[in-house]
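Data first, discussion second: the structure below is written as structure tokens.
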Amino acid sequence: MVAGAAFAATCLSAVAVPTGAQADPPAPVLEGAETSSTTTSSPSRPAQADSSVVSARAVIVTPKPPRQRTYAYGRHPRQRVDVYWRTPAKPKQQSRQPQQGQQPQQGQQPQQGQQGQQGRQSQQGQQTQQGQQTQQARQQPARPGVLLLHGGSWRRGSKTGWKYFARRLTTQGFTVFAADYRLSSMAQWPAQRTDAQAALAFVKKHAKTWNVDPQRIVVVGASAGGHLATQLGTAGTGARQVRGVVALSPVNTPYLAYQDGIAATASPIQSGLRNAVVKLLGCVPSQADPACWERVDDANSATHATPGDAPMLLMHSEGDFVPVTQSTGLASALRGVGVPVTVKTVPGDMHGNGLLNDETVYPALLSWIKSRTS
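Residues -23 to -1, 1 to 351 (mature numbering (1 follows the signal peptide of the UniProt record, and there is no 0)) are what the sequence shown spells out, left to right.
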């Protein structure tokens, strides 16, 4: 399967739009107070300050978890996106209370009837100060965003698999969005891409809600989610939609995965991936089915390569069951039209999110994302 397995050693943290639902995204629908009953009210601007929690022995400083909420960007149960963000610390307020034992100066004692007026003035002053603090929060520079798409052979998987990775990215100044999408058991291709595009459109439309710059969003996907990420970077408006794409073990050419799965040397997991491709496309590729071949070509990210597509960082392990050839073909197509692409392989046989277990991957990924969103 093409699952983005959660990893332990490294912090980690992916709906459905009915056919033709490329119209404006719906207004934000919040699920739950801070994490589920659905309400149609728009989310309020973040106002909670960040802080850190110091361990009992004061040896390790652990960042406080970011704020997290789930929004519905469509009517289908899989049309959900988890948002992780941090808000700037509030400026410390200086107390204006007189020190203990301090007496009013002679001649300045309140006259009878003036105490209520002073109380009202104090309350008005506090309200003014709170309003100034809210305005300051709104004037904070907009942050870059990262949209995460999970793996799972297009048949399974969840946005929650990105939780720890998302939290880690928020400590670097990013607001993170982890989206679900319709699975192949619910709808055939291109529904999954349509959902990813709808999730991105939702994030961009409501970016001000989380103080995100809609022009500085990078997409990160693993395995099947990596395939959807490269589709977001090529199909349609490409770089005009996202600043860049990071794909871990992306199945950029599903038909190639189908061929690998029918080979005599195919491993059980490769055979399973072949079946997943058939389920995704809703057909077995054959010359007698032109409609199937149209879906095969459309699912190939290289088919959509055009000048102006989003720059990409494509990563595999040397023993990945989704081999690096899944990315070299896309890289050649993109370079042929002048789009910058980096293909990186690392030792081992990790797949998808598991690549983050390699100590060189996260720093390279983070550096690349920062370079694209700075």
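Ideal Cβ positions, reconstructed from N, Cα and C, are used throughout, including at glycine.
First through last residue of the beta strand (DSSP E) which encompasses residue i
| i | result |
| --- | --- |
| ALA49 | 44 to 49 |
| PRO121 | 120 to 126 |
| VAL60 | 57 to 62 |
Paired residues, beta bridge with residue i - DSSP
| i | result |
| --- | --- |
| GLY221 | VAL195 |
| residue 358 | The shown model of the chain, from -23 to 351, leaves out residue 358, and the question about it has no answer. |
| VAL189 | ARG120 |
For residue i, three-class secondary structure by DSSP
| i | result |
| --- | --- |
| ASP155 | Here residue 155 is Ala; the residue named in the question, Asp, does not match the sequence. In this structure, ALA155 counts as strand in the three-state DSSP scheme. |
| LEU258 | helix |
| ARG312 | helix |
| LEU333 | helix |
| TRP166 | coil |
| HIS328 | coil |
| PRO54 | coil |
| GLN174 | helix |
| PHE298 | coil |
| ALA253 | helix |
| GLY306 | helix |
| VAL228 | coil |
| THR283 | coil |
| PRO245 | helix |
| THR214 | coil |
| SER18 | Confidence at SER18 is low in this model, with a pLDDT of 42, below 50, so the placement of that residue should be treated as unreliable; the coordinate-derived value is given next. In this structure, SER18 counts as coil in the three-state DSSP scheme. |
Where the alpha helix (DSSP H) containing residue i begins and where it ends
| i | result |
| --- | --- |
| THR350 | 338 to 350 |
| THR211 | 201 to 211 |
| VAL273 | 267 to 276 |
| LYS140 | 140 to 147 |
| LEU233 | 231 to 239 |
Beta-carbon separation (whole angstroms), residue i vs residue j, contact threshold 8 Å
| i | j | result |
| --- | --- | --- |
| LEU160 | ARG133 | 7 Å |
| PRO284 | ARG349 | So it is not a contact: roughly 18 Å between Cβ atoms. |
| ARG220 | VAL197 | 12 Å between Cβ atoms; not a contact. |
| LEU250 | GLY238 | 5 Å |
| THR152 | ARG120 | 5 Å |
| GLY329 | GLY128 | 5 Å |
| SER248 | ALA201 | At roughly 16 Å, the Cβ-Cβ gap does not stay under 8 Å, so SER248 and ALA201 are not in contact. |
| VAL323 | THR337 | 6 Å |
| THR230 | GLY150 | Incorrect: roughly 34 Å between the Cβ atoms, too far for contact. |
| ALA49 | LEU126 | Between LEU126 and ALA49 the Cβ distance is about 17 Å, and since that is not below 8 Å, they are no contact. |
| LEU205 | GLN303 | That belief does not hold up - the Cβ atoms of LEU205 and GLN303 are roughly 14 Å apart, past 8 Å. |
| TYR61 | PRO43 | 5 Å |
| ARG55 | ASP190 | Their Cβ separation, rounded to whole angstroms, is 27 Å, which puts ARG55 and ASP190 out of contact at 8 Å. |
| TYR235 | VAL254 | 4 Å |
Short CB-CB distance (under 9 Å) between residue i and chain D
| i | result |
| --- | --- |
| ARG133 | Absent from the structure is chain D; it holds one protein chain and no more. |
Stretch-stretch touch, CB-based, cutoff 8 Å, three pairs: the segment 214 to 224 with the segment 132 to 149: no
contact_flag[the segment 313 to 325, the segment 148 to 162] where n(CB pairs < 8 Å) is 3 or more: no
The segment 200 to 214 in contact with the segment 171 to 189 per 3-pair CB rule at 8 Å: yes
Cβ contact check for the segment 263 to 278 and the segment 290 to 298: 3 or more pairs under 8 Å: no
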